[in-house]
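Read the structure below first, then the notes.
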Amino acid sequence: MHPELGLLLSFQEEGMPQPQYLGRSSDKDAKDDLVSKVPALPASSKDSIDKPSDGPEAPVDINNAFRQRMEAGLSATRKRSKVSKEKRRAVKIEKQREWVRSLKRAQCYLGLHPCCSDRTNDSYDSVHQSIQKEELARSLPPLALDMIAPFPFVDEPIFISIDVEWNERQRKQITEVGISTLDTLDIAHLAPRQGGKNWRQWIRSRHFRVKEYAHIVNCDFVTGCPDQFGFGKSEFVSLQDAGRVVESCFNPPYSAQIPVKFVNEESTDSKPKVTIETAIEGYKLHRRNVVLVGHDFQSDIDYLRNLGCNIFPYNDAIPQPQTSSQTLSSPTAQTLFLDTLDTAMMFLALKRDVHSRSLENILNSLGIHGRNLHNAGNDARFTLEAMVHMIINARLALDKGAQELSGDYMDWAARPVTNADTALHELAWQTEVERRVSEADATREAQIRDDCKIWEMVTGWDSEEGPTADDIDGGEPKGFMVMLK
């Protein structure tokens, strides 16, 4: 079996049939005459054709040798197909496991879930990890959204989301870049409230438009709205400066110069009270851990590279994740990012689904009113809002009671639940599996059941060795890593 060419059979051994030159035909009669000279299968062969050849009969031993060689080739092909299928499944499992773990790490970054141990401690080992994991599984209290986060914000990161728009007719022409920033130190003193409403108010959003292409408005494949940025004023930059300006957002003060507007809709006045926050806190003036956020954003990364941004390493340059215990004074492209979160993959993990959703679909599912999408500034903003909402929902899923475990593609616990309702959670999931099977074509039943089984494995619900600490808190941060579907 050749790795590139596939099945190759050799006919050089003695006793194997060899190719013979019969001649060249220029008309049908000549062709029929040549065909009549082709040796026929033995008359006793079960493979003899309905219309036997007029040519000499092929020797039985050569016929048997040919049969054996072809059967061996067919068997090898079947084995390879089985191995390839198993390999694809293994790759799928690892990808989905990382989607789930990214959702778990995100809960730790927002103080909604503790780490199993101090991962920066040199004495951290697998034994300590196992002990901490068992203690953690037993002691996690219900999440109260009207109180500040119950745990420290691990690594105290700044979340920075990106989105890029380009000319749909000339894809090399980048027209807009959106950047939104959420600093965990800004929200450490705030209760998240429903859907993270209080936290989401602290997002700072920017919208850059490339001057040279400012006249371009997409209308054929998407409805562009470059002049409808809803979270501030658009900033016009030249194509030459665009890459440098975007990179500046990933350095101190991390867009802190952009004011934050707070609207108090519960104000007793006739109109909502609006407060503008302009102060730049000291913690924004030194280098911080950055978590890169996007929505199915491999293409966005590629476009930013083409724009001249040098902070996004290529796949052959594997980054080393940075933690708060390390010096962050002079980062490189490899150490700038603590972690990478893709909201498209996080949503799949939350719903235990395999069909990727658009940002608009996810916003609708979360109850977020996404206005004027396909504006890069708005998309970056709503991507970060969706991330916050999903992280909170993922944590709340651990607290759900039996009465809440129903509904199409509801939020599912991303790790085992060790409380009195464990059996009810498992029963609810099995009910959901049967629902998915019943609503699909009968030919897809096996695939759907396997998809659901994989979700049980990667979330730690069904593991031969039991859940690990990484199944509880998501494990170590991964640095810069664009996740694939």
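Quick note on UniProt numbering: the sequence shown kicks off at 1 and runs consecutively.
Built from N, CA and C at the ideal position, the CB exists for glycine as well.
Just so it is clear, the structure is predicted and the values come from calculations on it, not from any experiment.
For residue j and residue i, the rounded distance between their alpha carbons
i: P114; j: G474; result: 10 Å
i: T443; j: W461; result: 27 Å
i: N361; j: S248; result: 31 Å
i: I148; j: P142; result: 13 Å
i: M481; j: G294; result: 11 Å
i: Q430; j: D353; result: 14 Å
i: Q18; j: R88; result: 38 Å
i: L373; j: M457; result: 36 Å
i: L384; j: T181; result: 8 Å
i: A423; j: N289; result: 39 Å
i: R69; j: D61; result: 12 Å
i: S238; j: T275; result: 32 Å
i: E277; j: R287; result: 22 Å
i: V246; j: F312; result: 12 Å
i: D451; j: G282; result: 48 Å
i: Q107; j: L292; result: 15 Å
i: Q96; j: D399; result: 23 Å
i: I131; j: P477; result: In this prediction, I131 scores a pLDDT of 42, lower than 50, which makes its location untrustworthy; the coordinate-derived value is nonetheless stated afterwards. Approximately 21 Å between the Cα atoms of the pair.
i: E71; j: N63; result: 12 Å
i: C116; j: L140; result: 11 Å
i: Q194; j: R78; result: 53 Å
i: Q173; j: V210; result: 9 Å
i: R10; j: S84; result: Here residue 10 is Ser; the residue named in the question, Arg, does not match the sequence. Going by the C-alpha atoms only, they are around 23 Å apart.
i: R357; j: F297; result: 13 Å
i: S330; j: R305; result: Its pLDDT being 44, under 50, S330 is placed unreliably by the model, and nothing is read from it.
i: E434; j: A428; result: 10 Å
i: D32; j: R24; result: 11 Å
i: P259; j: A279; result: 8 Å
i: R67; j: P467; result: 51 Å
i: C309; j: R171; result: 17 Å
i: L74; j: P39; result: 24 Å
i: P226; j: E439; result: 40 Å
i: residue 487; j: K37; result: Any question about residue 487 goes unanswered here, given that the chain covers just 1 to 485.
i: N375; j: N218; result: 10 Å
i: E86; j: Y314; result: 28 Å
i: P252; j: D241; result: 18 Å
i: D441; j: E98; result: 29 Å
i: A469; j: R105; result: 12 Å
i: V35; j: H355; result: 53 Å
i: H128; j: E212; result: Note on H128: pLDDT 45, under 50, position unreliable in the model; the coordinate value appears next. C-alpha separation (whole angstroms): 57 Å.
Bounding residues of the alpha helix (DSSP H) (the contiguous stretch that carries residue i)
i: E432; result: 422-439
i: A469; result: 469-473
i: D302; result: 298-307
i: K197; result: 197-200
i: V388; result: 376-396
Extent of the continuous beta strand (DSSP E) run through residue i
i: I261; result: Sequence check: residue 261 is Lys here, not Ile. Here the beta strand (DSSP E) through K261 covers 260-264.
i: F337; result: 337-342
i: T275; result: 273-277
i: S205; result: 204-210
i: V458; result: Careful: V458 lies outside any beta strand (DSSP E), inside the alpha helix (DSSP H) at 445-458.
i: L292; result: 290-294
i: F236; result: 235-237
Integer Cβ distance of residue i from residue j, believed to fall under 8 Å
i: A349; j: L103; result: 5 Å
i: I203; j: I179; result: The Cβ separation is near 11 Å, so there is no contact.
i: N364; j: R371; result: The pair is not a contact, with the Cβ atoms about 12 Å apart (cut-off 8 Å).
i: E176; j: E165; result: 4 Å
i: A256; j: K284; result: 4 Å
i: Q201; j: F262; result: 5 Å
i: F347; j: I368; result: 12 Å between Cβ atoms; not a contact.
i: D183; j: Y254; result: 7 Å
i: R459; j: V100; result: In the sequence on display, residue 459 carries Thr and not Arg. So it is a contact: roughly 5 Å between Cβ atoms.
i: E445; j: V437; result: 5 Å
i: K273; j: N264; result: 4 Å
8 Å Cβ cutoff met for residue i and residue j
i: M390; j: L359; result: no
i: I187; j: W199; result: yes
i: A397; j: A380; result: no
i: I392; j: P192; result: yes
i: G111; j: F159; result: no
i: L341; j: M410; result: no
i: F236; j: A214; result: yes
i: D339; j: G479; result: yes
i: H207; j: F221; result: no
i: L307; j: G224; result: no
i: E156; j: L190; result: no
i: D471; j: R415; result: yes
i: I93; j: I454; result: yes
Residues that DSSP places opposite residue i in a beta bridge
i: V164; result: V177
i: D29; result: Answer is none; D29 lacks a bridge partner.
i: F159; result: L182, V291
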